[in-house]
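*Asks:*
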Amino acid sequence: MPRDLPVGNGRLLLNFDKSYNLRDIYWPHVGQEIHTAGDISHTGVWVDDQFAWLDAPEWQREMVYEKETLVTHVTLHHAGLQLQLVFRDCVDFYRAIFLRQIFVTNQADHPREVRLFFHYDWHILDTAQGNTVLYDPSEQALLAYRQQAYFLMNGQVGSGTNAQVGISSWATGVKEFNGSEGTWRDAEDGVLGRNPIAQGSVDGTLALHLPDISPGSEIIAFHWLAVGPDLNVVIESENRIREHGPESFITRTRNYWYRWVNKQQQDFGDLPAELVDLYKRSLLVLRTQIDYNGAIIAANDADVEHFSRDSYSYMWPRDGALVANALSHAGYSEITRMFYDFCNAVLTPDGYLLHKYNPDRSWGSSWHPWMDRDGNPQLAIQEDETALVLYSLWQHYRVFDDVEFVAPHYRTLVTPAADFLASYREPHTRLPGPSYDLSEVTEVRFSSLACS
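As numbered in the numbering used here, residues 43 to 494 make up the sequence shown, in order.
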C-alpha cells in the first residue's frame, strides 16, 4: 500500500501509512537496510481503563504536513475516549534522530491520567534473527541492536523546567515465533511487563505516563528514536537531546526545510496558492526519497516485498535522470550533482549503465537476461537509461552553467557514454541496437529509445 507521510533526511527515512501506522524504517541508506520489514509499529493510548491503537476505526484523523516543511501535523480525535491527540513528527535534518511531539487534550469533564504507548517491530538489518532489545537503566530507555545498527528509544513528559526525561514503563519480548504476537499486546491493559531483555525475533514497547490532565487542558509529551552504527553514537544523540531539549530539534528541522524549499525566490504569477503549495510539498516529499549517496529511489514501500519478494527501492537511471532534470529546473543543483556523481561511479567500462542499482551503488536485482533466446550474448540494458542521463546532465549544465562540476565528468561519464550510444547501432538502419522497452520485459527497438 502507499505510504502517506514520509519523513527523512537522506540517511534515515520513516514512512507512515494511511492509518498513521509507522511501517518502514530505512537507515543508513534511503531504500536500503530496512529495519521493520514493513510490519506495523503500533502507537496507542490508554485512559479510564480503555485502550485504543491509533489505527482503530473510531479515530477521526487528519494527516498533513506543516506548511512548507517536513514536519507532520496529524490530528486525531476519539469521541468515545474524549481525547484529542496532535502529533508533530520529523527526522532531524542533520542527525539520525526521529522525533515526535504529542499534544494530549482531555475533552472529558473530569481529570484523567493518560498513558501513551510506542511499539517497534524490529527486523534489524532486514532480518528478525539475532535481534536484541533491552531496557537501559542508565538512560531510562529501550535499546535495540544487531551488528552495526543501534536504536535508542526514549521520551519525555512535559516541556521546559517541568520536563521529565525517561520512559515510564516498557516491555521486551519475542514475536513471530511459537505463536507470539509481540509486546504490543501487553500494552492493551495499560500495564507493561518490564521484562529487561529479549533476543532473537523481538519487539519492544515503551510507555509514557502523563500526569492527570484537567478537563479541557493539554499536556505535551515527546518521543524519539536515535539511530547509529554503535552505542556511543546513539548515546551522544541522546545526550544532545537531553541538553537542548527535543523541541529544539523539531524547531531547527522545521526551519531548515522551510529555508530549503524557499531558497529560490520564484515568481509564481497568478498560479493558485494550492498549486504553489503542491509544488513545494512535492519537492519536500521527493527529497525524502533521495539518498545522500546520490541515488534517486523509485519508491520505498516494503509492502511490495510481500507480493513479489523484491521492492522498488532501487535507482533506475532513467527515472533518476528525469527527476534530476526536474530538480535542476527547480534550482536544486546540489542534489543533481550527487546523482551524476553516482552515475559516474557506476558507469561500466564500456560506457553504459545497467538496469538498476542499490542506494550503496552496487548492482540491483534484475530480470534482464544476458543471452537471447538462441543462446547468444546480449546486453541486459535499457539503452535510454544511459542516454537520458547524458540529456539530464546537459540540462543541468544549461541551467547552472556549472562548468567546474561538469568538466571532471566529461572524460569519465560523458565521453564513454556518448561513444557507446554512437556505436551501439543496428548495422543496416543505424538505429539504436536492441534494448529492453519501458515495460522492461521485451527486447526491441522502440521509438522512445530512438528519441532519447
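All C-beta atoms, glycine included, are put in the ideal place defined by N, C-alpha and C.
(1) In three-state DSSP terms, what is Q182?
(2) Please tell me whether V128 and T147 are closer than 9 Å, where the distance is taken between their beta carbons.
(3) Under 9 Å between the Cβ atoms of H84 and D97?
(4) Could you tell me the alpha carbon to alpha carbon distance between I82 and P419, rounded to whole angstroms?
(5) Please classify P253: is it buried, with 16 or more other beta-carbons within 10 angstroms of its beta-carbon, or exposed?
(6) Inspect the CB distances between the stretch 226 to 235 and the stretch 202 to 215 and report whether three or more fall short of 8 Å.
(7) If I measure Cβ to Cβ from N57 and keep anything under 6 Å in the same chain, skipping five residues before and after, which residues do I get?
(8) What distance in whole Å lies between the Cβ atoms of K322 and E104, which are believed to be in contact at a cut-off of 8 Å?
(9) Can you tell me where the alpha helix (DSSP H) with V303 in it begins and where it stops?
(10) Suppose the cutoff is 6 Å on Cβ atoms and the five residues either side in sequence are ignored; what does the same chain contact list for F291 look like?
(11) To which residues of the same chain is F447 closer than 7 Å at the C-beta, ignoring the five residues directly before and after it?
(12) Based on Cα-Cα distance, which residue from V327, V303 and I239 lies nearest to Y187?
(13) Is it buried or exposed, H265, if we count other Cβ atoms within 10 angstroms and call 16 or more buried?
(14) Among the residues of its own chain, which have a CB less than 6 Å from the CB of A249, if the five just before and after it don't count?
(15) Go ahead and pull the three-state DSSP assignment for H371.
(16) I need the straight-line Cα distance from L421 to L273, nearest angstrom please.
(17) Below 8 Å on the Cβ atoms is my guess for Y394 versus I423; work out the distance and round it to an integer in Å.
(18) Taking the beta carbon of G50 as the centre, do at least 16 other beta carbons fall within 10 Å, making it buried, or is it exposed?
(19) What are the boundary residues of the beta strand (DSSP E) that W266 is part of?
(20) Does I139 come out as helix, strand or coil in the three-state DSSP assignment?
(21) Throw me the rounded Cβ distance for the L125 and V87 pair, which I believe falls under 8 Å.
(22) Whose C-alpha, out of R137, S465, T78 and W95, is nearest the C-alpha of Y298?
(23) For K60, count neighbouring Cβ atoms within 10 angstroms of its own Cβ and tell me buried if that reaches 16, exposed if not.
(24) If we count the other Cβ atoms within 10 Å of its Cβ and call it buried at 16 or more, is L313 buried or exposed?
(25) Might you give, ordered along the chain, the residues of its own chain that have their beta carbon closer than 7 Å to the beta carbon of W405, omitting 5 neighbours on each side?
(26) Grouping DSSP H, G and I as helix and E and B as strand, with all else coil, what is R487?
(27) Tell me the residue span of the beta strand (DSSP E) that contains W88.
(28) So the candidates are T330, Q149 and I339; which of them puts its Cα closest to the Cα of E260?
(29) Could you tell me how far apart the beta carbons of L123 and Q92 are, in whole angstroms, since I believe they sit closer than 8 Å?
(30) What number of angstroms, rounded off, separates the C-alpha of G197 from the C-alpha of P179?
(31) Would you decide whether M413 is buried or exposed? Buried here means 16 or more other CB atoms lie within 10 Å of its CB.
(32) Going along the chain, which residues of its own chain have a beta-carbon closer than 6 Å to the beta-carbon of A366, five neighbours each way excluded?
(33) Report the CB separation of H165 from T225 in whole angstroms; it is logged as a contact under 8 Å.
(34) Mind checking who Q102 pairs with in its DSSP beta bridge?
*Replies:* If we stick to the structure as given:
(1) Along the sequence shown, one-based indexing puts residue 182 at 140. Under the three-state reduction of DSSP output, Q182 falls in the coil class, being neither helix nor strand.
(2) Taking the sequence shown and counting its residues from 1, the one referred to as residue 128 is at position 86. Taking the sequence shown and counting its residues from 1, the one referred to as residue 147 is at position 105. Cβ distance < 9 Å, so V128 and T147 count as in contact.
(3) Here residue 84 corresponds to residue number 42 of the sequence shown, with the count starting at 1. Here residue 97 corresponds to residue number 55 of the sequence shown, with the count starting at 1. H84 places its beta carbon less than 9 Å from that of D97.
(4) For the purposes of this step, residue 82 is identified with residue 40 of the sequence shown, where counting begins at 1. For the purposes of this step, residue 419 is identified with residue 377 of the sequence shown, where counting begins at 1. P419 has its alpha-carbon roughly 45 Å from the corresponding atom of I82.
(5) Numbered from its first residue, the sequence shown carries residue 253 at position 211. With fewer than 16 neighbouring CB atoms inside 10 Å of its own CB, P253 falls in the exposed class.
(6) Cβ pair count under 8 Å is three or more, so yes.
(7) As a first step, residue 57 must be located in the sequence shown, where it is residue number 15. Correct list, in chain order: R45, P48, R65 and D66.
(8) Within the sequence shown, numbered from 1, the residue matching residue 104 stands at position 62. Within the sequence shown, numbered from 1, the residue matching residue 322 stands at position 280. Between the beta-carbon of E104 and that of K322 there is about 19 Å, and that puts the pair past the 8 Å contact cut.
(9) Against the sequence shown, residue 303 aligns to sequence position 261. It spans P288 to V303 - the alpha helix (DSSP H) in which V303 sits, taken as one unbroken run.
(10) Counted from its first residue, the sequence shown places residue 291 at position 249. Its chain contains D134 and L141 as the residues whose beta carbon lies nearer than 6 Å to that of F291, once the 5 sequence neighbours on both sides are disregarded; these appear in chain order.
(11) For the purposes of this step, residue 447 is taken as the residue at position 405 of the sequence shown. Hits under 7 Å: R379.
(12) By one-based count along the sequence shown, residue 187 stands at place 145. Taking only the C-alpha atoms, the option nearest Y187 is I239.
(13) The residue labelled residue 265 in the question sits at position 223 within the sequence shown. Buried, by the Cβ-count rule.
(14) Position 207 of the sequence shown, counted from the start, is the residue given in the question as residue 249. Residues R157, F159, S210, S211 and L234 of the same chain have their beta carbon placed closer than 6 Å to that of A249, with the five preceding and five following residues left out of the count.
(15) Against the sequence shown, residue 371 aligns to sequence position 329. Residue state for H371 is assigned as helix, using DSSP reduced to three classes.
(16) Start at 1 with the first residue of the sequence shown, and residue 421 comes out as number 379. Start at 1 with the first residue of the sequence shown, and residue 273 comes out as number 231. The C-alpha of L421 lies about 45 Å from the C-alpha of L273.
(17) On the sequence shown, position 352 is the one that residue 394 refers to. On the sequence shown, position 381 is the one that residue 423 refers to. Sure, about 5 Å apart at Cβ, within 8 Å.
(18) To locate residue 50, count along the sequence shown from 1; it is residue 8. The residue in question, G50, is buried, as its Cβ has 16 or more Cβ neighbours within 10 Å.
(19) In the sequence shown, counting from the first residue as 1, residue 266 sits at position 224. DSSP places W266 in the uninterrupted beta strand (DSSP E) bounded by E260 to G270.
(20) The count along the sequence shown starts at 1 and reaches residue 139 at position 97. Here DSSP, grouped into helix, strand and coil, assigns I139 to strand.
(21) For the purposes of this step, residue 125 is identified with residue 83 of the sequence shown, where counting begins at 1. For the purposes of this step, residue 87 is identified with residue 45 of the sequence shown, where counting begins at 1. Contact between L125 and V87 holds: their C-beta atoms lie close to 7 Å from each other, under 8 Å.
(22) Reading the sequence shown from its first residue, position 256 is the one you call residue 298. Relative to the Cα of Y298, the nearest Cα in the group R137, S465, T78 and W95 belongs to R137.
(23) Taking the sequence shown and counting its residues from 1, one reaches residue 60 at position 18. Result: exposed.
(24) On the sequence shown, residue 313 is found 271 positions in, with the first residue counted as 1. Of the other Cβ atoms in all chains shown, fewer than 16 fall within 10 Å of the Cβ of L313; this residue is therefore exposed.
(25) Along the sequence shown, one-based indexing puts residue 405 at 363. Counting only residues of its own chain and dropping the five nearest sequence neighbours on each side, W405 has a CB closer than 7 Å to the CB of L396 and Y399.
(26) Numbered from its first residue, the sequence shown carries residue 487 at position 445. Note that R487 has pLDDT 49, beneath the 50 cutoff, so the model's placement of it is unreliable and the number below is only indicative. Note: R487 maps to coil in three-state DSSP.
(27) Residue numbering aside, residue 88 sits at position 46 when the sequence shown is read from its first letter. T85 to V89 is the span of the beta strand (DSSP E), which, as asked, contains W88.
(28) The residue labelled residue 260 in the question sits at position 218 within the sequence shown. Ranking T330, Q149 and I339 by Cα distance to E260 puts Q149 first.
(29) Position 81 of the sequence shown, counted from the start, is the residue given in the question as residue 123. Position 50 of the sequence shown, counted from the start, is the residue given in the question as residue 92. Contact between L123 and Q92 holds: their C-beta atoms lie close to 6 Å from each other, under 8 Å.
(30) As a first step, residue 197 must be located in the sequence shown, where it is residue number 155. As a first step, residue 179 must be located in the sequence shown, where it is residue number 137. G197 and P179 have their C-alpha atoms spaced approximately 14 Å apart.
(31) Walking along the sequence shown from the start, residue 413 turns up at place 371. In this structure M413 is exposed. Its beta-carbon is surrounded by fewer than 16 other beta-carbon atoms within 10 angstroms.
(32) The residue given as residue 366 occupies position 324 in the sequence shown. Within the same chain, A366 has close Cβ partners T378, F381 and S434.
(33) Taking the sequence shown and counting its residues from 1, the one referred to as residue 165 is at position 123. Taking the sequence shown and counting its residues from 1, the one referred to as residue 225 is at position 183. Their Cβ separation, rounded to whole angstroms, is 15 Å, which puts H165 and T225 out of contact at 8 Å.
(34) Taking the first residue of the sequence shown as position 1, residue 102 is located at position 60. Answer is H119.
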